[in-house]
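Using the numbering used here, you'd call the opening residue of the sequence shown number 8 and step up by one each time. Built from N, CA and C at the ideal position, the CB exists for glycine as well.
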Amino acid sequence: MDKWKVLADGKFISDNKDKKKLDKELVVICTATYNGQPPDSAEKFDAFLDSKMREDDHENILTGLSYAVFGLGNKNWRTYQHFPIKVSQCLSELGAERLFASGEGDNDKDMDAAFNDWCARFWSHLLEIHGIAACESRPVVPSAATKESSVDVKFIQPSDKEAWNNAINNHYGNPNAIIIANSELQKDQSPRSTRHIEVDISKLSGVGEQGQLYSAGDHLEVMPENSKASVESIALSFGWILDSVFEINQETLSDVSPRSLAANIKGPCTIRNMLTYYADVTSPPSRAVLGCFAAQLKLVAPETASEFEKLIMPDANNQDQYPDFIKQYRTLLDLIHAYPQVNRLDLRQFLAAVPVIQPRRYSIASSPLSYPKHAHLAVGVVDDVVNNRHYPGLSSSFLKGAHELPIRAILKSSKSTFSLPQDLATPLIMISAGTGFAPFRGFLQERKAQIDNLGADKVASSVLFFGCRRADQDYIYQEELETYAKNGVLSDLHVAFSRSDEKSPIRYQTSCYLYLW
Numbered sequence: 008m009d010k011w012k013v014l015a016d017g018k019f020i021s022d023n024k025d026k027k028k029l030d031k032e033l034v035v036i037c038t039a040t041y042n043g044q045p046p047d048s049a050e051k052f053d054a055f056l057d058s059k060m061r062e063d064d065h066e067n068i069l070t071g072l073s074y075a076v077f078g079l080g081n082k083n084w085r086t087y088q089h090f091p092i093k094v095s096q097c098l099s100e101l102g103a104e105r106l107f108a109s110g111e112g113d114n115d116k117d118m119d120a121a122f123n124d125w126c127a128r129f130w131s132h133l134l135e136i137h138g139i140a141a142c143e144s145r146p147v148v149p150s151a152a153t154k155e156s157s158v159d160v161k162f163i164q165p166s167d168k169e170a171w172n173n174a175i176n177n178h179y180g181n182p183n184a185i186i187i188a189n190s191e192l193q194k195d196q197s198p199r200s201t202r203h204i205e206v207d208i209s210k211l212s213g214v215g216e217q218g219q220l221y222s223a224g225d226h227l228e229v230m231p232e233n234s235k236a237s238v239e240s241i242a243l244s245f246g247w248i249l250d251s252v253f254e255i256n257q258e259t260l261s262d263v264s265p266r267s268l269a270a271n272i273k274g275p276c277t278i279r280n281m282l283t284y285y286a287d288v289t290s291p292p293s294r295a296v297l298g299c300f301a302a303q304l305k306l307v308a309p310e311t312a313s314e315f316e317k318l319i320m321p322d323a324n325n326q327d328q329y330p331d332f333i334k335q336y337r338t339l340l341d342l343i344h345a346y347p348q349v350n351r352l353d354l355r356q357f358l359a360a361v362p363v364i365q366p367r368r369y370s371i372a373s374s375p376l377s378y379p380k381h382a383h384l385a386v387g388v389v390d391d392v393v394n395n396r397h398y399p400g401l402s403s404s405f406l407k408g409a410h411e412l413p414i415r416a417i418l419k420s421s422k423s424t425f426s427l428p429q430d431l432a433t434p435l436i437m438i439s440a441g442t443g444f445a446p447f448r449g450f451l452q453e454r455k456a457q458i459d460n461l462g463a464d465k466v467a468s469s470v471l472f473f474g475c476r477r478a479d480q481d482y483i484y485q486e487e488l489e490t491y492a493k494n495g496v497l498s499d500l501h502v503a504f505s506r507s508d509e510k511s512p513i514r515y516q517t518s519c520y521l522y523l524w
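As structure tokens, then:
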């Protein structure tokens with residue numbers, strides 16, 4: 008959105024030269040939000056909206072423009088859809104006309120289905136406005152399985168030493184941080200795992216204030232890697248040689264998803280590095296992935312292609328088979344093992360269909376006043392067991408096994424939406440459970456530094472409500488918290504154990520409500 012021409016012009020200037028033509032130009036905005044803030048690609052757009060809303064007579068800035076908005080987010084957050092709603096309201100107040108009702112996708116549910124449904128209704132509405140009828144031979148929303156990809160891939164011979172050197176070092180970004188400490192936070196009696204991880208971030212670009220690399224409450228984004236076992240399993244399934252080198256023709260990517268491997272791998276790369284650093288093989292296969300597989304398999308495995316096509320959209324009776332399908336096949340690895348026909352895909356087809364790994368964002372559990380060159384993380388290790396099979400979380404299991412290991416990471420500012428009050432006379436009430444305590448650990452380190460510098464009488468009180476299951480299992484950072492309570496950094500510490508009595512588990516919020524009341 009930051010590249011939209013309107014931002015440079017300062018207002019909407021119609022390209023319609025036919026003054027008698029009444030049709031308005033249309034912009035469709037699909038945007039996510041994190042903690043109520045715009046994505047990185049829309050920060051300038053957000054600032055543009057704010058500045059224009061402050062101008063006098065701003066009601067005509069976008070006159071002549073129609074718009075529609077689809078927002079992505081997570082309903083568990085209080086700020087769900089905050090930025091998409093802001094975009095819709097601001098565009099309307101700036102003179103644009105809303106063409107169609109806003110849509111929304113919840114990350115905890117089937118976002119692909121929500122978007123496809125909204126898309127179908129949007130296009131039907133648009134066709135109706137222009138008096139065009141949809142027909143069965145040309146559906147309103149084409150399925151993801153419309154045509155085979157035209158991605159061109161060539162293999163490079165070992166004689167090209169420069170290309171092979173570049174391929175070996177193609178890691179989807181260069182390692183720029185080092186894990187220097189990695190320890191278990193949960194007690195020996197606990198069946199689960201939470202890791203305390205310390206990362207040397209001295210080589211990262213800073214996002215903090217006053218020359219600091221970060222501020223308390225900021226985030227560290229980590230690029231995880233697939234396990235050696237997963238990489239070797241996939242290569243064996245497809246019959247690929249892990250150390251072979253390939254390169255994608257960048258001029259043949261017009262019809263691939265920007266999230267695909269093909270769109271993200273630049274320059275020569277080995278099969279091993281592609282599967283280790285790029286390929287998302289542990290997420291549930293999306294409708295888009297299944298659609299791509301269906302398109303590629305039509306000739307070599309038509310029955311499998313037909314089965315996958317039925318999963319892309321609900322059928323004529325609005326029966327959706329996809330949710331039950333991904334309960335059974337939770338990862339791309341599951342799919343490959345259950346449908347050996349998928350192994351008939353060649354490398355270019357795999358690159359066009361499979362998405363790239365996304366970075367994982369963690370709240371920093373330290374303060375730059377205490378650790379100016381290091382960022383601490385509290386990572387809950389995911390290990391789901393379904394039908395007696397273990398499904399480890401990609402990022403958490405990668406970090407659990409990372410000791411003195413270079414990683415790829417980037418600092419992300421919380422954009423002043425989650426930070427300590429600048430006024431030290433402002434009291435703090437912090438409520439968290441499990442690893443949700445991570446940013447508050449940074450706040451407490453910061454408050455301790457402030458008390459050491461200014462004296463306890465000049466810093467307001469701090470209260471923490473912390474929830475976990477059992478005192479003898481997952482009371483993480485217990486010693487630190489009790490020390491903070493003793494030395495006055497914490498005025499009050501309230502800990503709720505939800506399973507101290509297995510017969511009558513309690514809810515964390517009870518004591519919080521009593522205190523606030």
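Closest Cα partner of residue 234 within the set 255, 310, 503 and 289: Translated into positions along the sequence shown, residue 234 becomes position 227. That would be 289, whose Cα lies nearest to the Cα of residue 234.
Residue 200 - DSSP class collapsed to helix/strand/coil: Taking the sequence shown and counting its residues from 1, one reaches residue 200 at position 193. It is coil, neither helix nor strand.
Close beta carbons around residue 201, own chain, < 8 Å, minus the five adjacent residues each side: By 1-based counting over the sequence shown, the position of residue 201 is 194. Answer for residue 201: 191, 192, 193, 385, 386, 387, 388, 441, 442, 481 and 483, listed in chain order.
Residue from 170, 206, 210 and 365 with nearest C-alpha to residue 186: The residue you call residue 186 lines up with position 179 of the sequence shown. Cα-wise, what sits closest to residue 186 is 206.
Simplified DSSP state of residue 82, which is helix, strand or coil: Walking along the sequence shown from the start, residue 82 turns up at place 75. Coil.
Contiguous alpha helix (DSSP H) assignments of at least 4 residues, all confined to the segment 281 to 351: 294 to 304, 309 to 319, 329 to 335 and 339 to 345
Secondary structure of residue 75, DSSP reduced to three states: The residue you call residue 75 lines up with position 68 of the sequence shown. Strand, per DSSP.
Cβ-based burial, residue 138 [other Cβ within 10 Å; buried from 16]: As a first step, residue 138 must be located in the sequence shown, where it is residue number 131. Label assigned to residue 138: exposed.
At least three beta-carbon pairs within less than 8 Å, the segment 320 to 336 to the segment 236 to 243: no
Pick from 457, 375, 438 and 491 that is closest to residue 474, judged by C-alpha positions: Your numbering for residue 474 matches position 467 in the sequence shown. Among 457, 375, 438 and 491, the Cα nearest to that of residue 474 is on 438.
Those residues which DSSP pairs with residue 216 across a bridge: As a first step, residue 216 must be located in the sequence shown, where it is residue number 209. Answer is none; residue 216 lacks a bridge partner.
Close beta carbons around residue 421, own chain, < 6 Å, minus the five adjacent residues each side: Counting from one through the sequence shown, the residue named residue 421 turns up at place 414. The answer, listed in chain order, is 224 and 225.
Residue environment, residue 256, which counts as buried when at least 16 other CB atoms sit within 10 Å: By 1-based counting over the sequence shown, the position of residue 256 is 249. Flag for residue 256 reads exposed.
Where residue 134 falls, given that 16 or more other Cβ within 10 Å makes a residue buried: Residue 134 sits at position 127 when you count from the first residue of the sequence shown. With fewer than 16 Cβ atoms within 10 Å of its Cβ, residue 134 is classed as exposed.
For residue 299 and residue 310, the rounded distance between their alpha carbons: As a first step, residue 310 must be located in the sequence shown, where it is residue number 303. As a first step, residue 299 must be located in the sequence shown, where it is residue number 292. Residue 310 and residue 299: Cα-Cα distance of roughly 15 Å.
Every unbroken alpha helix (DSSP H) inside the segment 349 to 373 [4 residues or more]: 354 to 360
With 16 other Cβ atoms within 10 Å as the buried cut-off, status of residue 123: In the sequence shown, counting from the first residue as 1, residue 123 sits at position 116. That one is buried.
Three-state class that DSSP yields for residue 41 in the structure shown: Translated into the one-based positions of the sequence shown, residue 41 becomes position 34. Of the three classes helix, strand and coil, the one that applies to residue 41 here is strand, per DSSP.
Residues that residue 499 bridges to, as DSSP identifies them: Along the sequence shown, one-based indexing puts residue 499 at 492. DSSP lists 470 as partners of residue 499.
Stretch-stretch touch, CB-based, cutoff 8 Å, three pairs: the segment 369 to 384 with the segment 264 to 274: no
Coil, strand or helix - residue 399 by DSSP: Walking along the sequence shown from the start, residue 399 turns up at place 392. If DSSP states are grouped into helix, strand and coil, residue 399 belongs with the strands.
Reduced DSSP secondary structure (H/G/I, E/B, other) of residue 418: For the purposes of this step, residue 418 is identified with residue 411 of the sequence shown, where counting begins at 1. Note: residue 418 maps to strand in three-state DSSP.
Counted within 10 angstroms of its Cβ, other Cβ atoms place residue 29 as buried (16 or more) or exposed: Taking the sequence shown and counting its residues from 1, the one referred to as residue 29 is at position 22. In this prediction, residue 29 has a pLDDT of 42, which is less than 50 and means its spatial position is unreliable; nothing more can be read from the coordinates.
Residues near residue 112 in its chain [Cβ-Cβ closer than 6 Å; skip 5 each side]: Residue numbering aside, residue 112 sits at position 105 when the sequence shown is read from its first letter. Answer for residue 112: 79, 118, 121 and 122, listed in chain order.
Cβ pair count under 8 Å reaching 3, the segment 156 to 172 against the segment 256 to 266: yes
Cβ-based burial, residue 4 [other Cβ within 10 Å; buried from 16]: The structure shown has nothing for residue 4, since the chain only spans 8 to 524.
Spatial distance of residue 167 from residue 161 (CA atoms): Counting from 1 along the sequence shown, the entry for residue 167 is found at position 160. Counting from 1 along the sequence shown, the entry for residue 161 is found at position 154. Going from the Cα of residue 167 to the Cα of residue 161 covers about 13 Å.
Local conformation of residue 441 per DSSP, three classes: Position 434 of the sequence shown holds residue 441. Of the three classes helix, strand and coil, the one that applies to residue 441 here is helix, per DSSP.
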